[in-house]
Amino acid sequence: GAVVSQHPSRVICKSGTSVKIECRSLDFQATTMFWYRQFPKQSLMLMATSNEGSKATYEQGVEKDKFLINHASLTLSTLTVTSAHPEDSSFYICSARDLTGPYEQYFGPGTRLTVT
Amino acid sequence: DQQVKQNSPSLSVQEGRISILNCDYTNSMFDYFLWYKKYPAEGPTFLISISSIKDKNEDGRFTVFLNKSAKHLSLHIVPSQPGDSAVYFCAASVTGNTPLVFGKGTRLSVIA
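Protein chains in written order, with this note's numbering: chain G, 1 to 116; chain F, 1001 to 1112.
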């Protein structure tokens, strides 16, 4: 199946700093990538839809100035958590939709962010 | 309002038996349904999908059934294996490049 990578897999940062998470589709092109957040024992919460070459679409309640999304190419989207706070600590997962396929989304392995 | 519901947070099954995971949805516009499997601290892995024009799709040990009139789908795993122990998410989508809507997941434990 299609492969999506995320980097880093784990990151610990101090309050007030910014952290960038990369999401890459390795063997297919994706005009659309999605960013999710998962709290312990909860479902995946969609944060935003990232479209190549245009602005991301954020879900209600997600601060676009705090969670900056850039979709620079058909294989790369980045999520930057700016001025991180401990409550931003979570598991962030990206997914990408194959241009040639129907509606399957392929997920990255996730990034565990801990803000101290 | 939760559009995709997985009412059983957990399920325990003996190895070799059938596992049945259920999912209900409320949005009649959904026309594509997917099941994902997730291990802790990993991203979800796509398992199987079904279009609303079908009522059954089979892939090896996994079969998904769709009952449109009841707005219900189920995932059957037979025979269940210990390696199937994970959280299973049901997801639904409307035609087009729209985000998937996920249920809260069901934790399956297959006991040897």
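All C-beta atoms in this analysis are idealised placements derived from N, C-alpha and C, irrespective of residue type, glycine included.
These numbers come from a predicted model, not from an experiment.
For residue 52/G, the secondary structure class from DSSP, reduced to helix, strand or coil, is coil.
Bounds of the beta strand (DSSP E) holding residue 12/G are 10-13.
Neighbours of residue 109/G across chain F, judged by C-beta separation under 8 Å: 1042 and 1043. The beta carbon of residue 1101/F sits closer than 6 Å to the beta carbons of 1003, 1004 and 1092 from its chain, once the five residues preceding and following it are set aside; these are given in chain order. Annotation: residue 78/G to residue 5/G spans about 12 Å, alpha carbon to alpha carbon. With respect to the C-alpha of residue 32/G, the residue from 50/G, 45/G and 23/G having the closest C-alpha is 50/G. Comparing alpha-carbon positions, the option among 1104/F, 1082/F and 1054/F lying closest to residue 1069/F turns out to be 1054/F. The three-state secondary structure of residue 22/G, taken from DSSP, is strand. Comparing alpha-carbon positions, the option among 26/G, 97/G, 85/G and 47/G lying closest to residue 68/G turns out to be 47/G. Annotation: residue 1083/F has no Cβ neighbours in chain G at a cutoff of 7 Å; minimum Cβ distance is about 17 Å. Under the DSSP assignment, residue 1071/F falls outside any beta strand (DSSP E); it carries neither an H nor an E label. Three or more beta-carbon pairs separated by less than 8 Å link the segment 104-116 of chain G to the segment 18-27 of chain G, which places the two stretches in contact. When 7 Å is used as the limit between beta carbons, residue 34/G is near these residues of chain F: 1099, in chain order. Under the three-state reduction of DSSP output, residue 88/G falls in the helix class.
Fewer than three Cβ pairs drawn from the segment 1004-1016 of chain F and the segment 1059-1069 of chain F lie within less than 8 Å of each other, which leaves the two stretches out of contact.
Under the 8 Å criterion on CB atoms, residue 58/G is classed as non-interfacial with respect to chain F. Residue 9/G sits away from residue 84/G, with the two beta carbons spaced by 8 Å or more. For the segment 39-54 of chain G, residues whose beta-carbon sits nearer than 8 Å to a beta-carbon of chain F comprise 42, 43, 44, 46 and 49. Any Cβ of chain F closer than 8 Å to the Cβ of residue 12/G would place that residue at the interface, and such an atom is absent. In summary, residue 1103/F is buried, with 16 or more beta-carbon neighbours lying within 10 Å of its beta-carbon over all protein chains present.
For residue 104/G, at least one C-beta of chain F is nearer than 8 Å to its own C-beta. As the crow flies, the alpha-carbon of residue 1098/F is around 40 Å from that of residue 1112/F.
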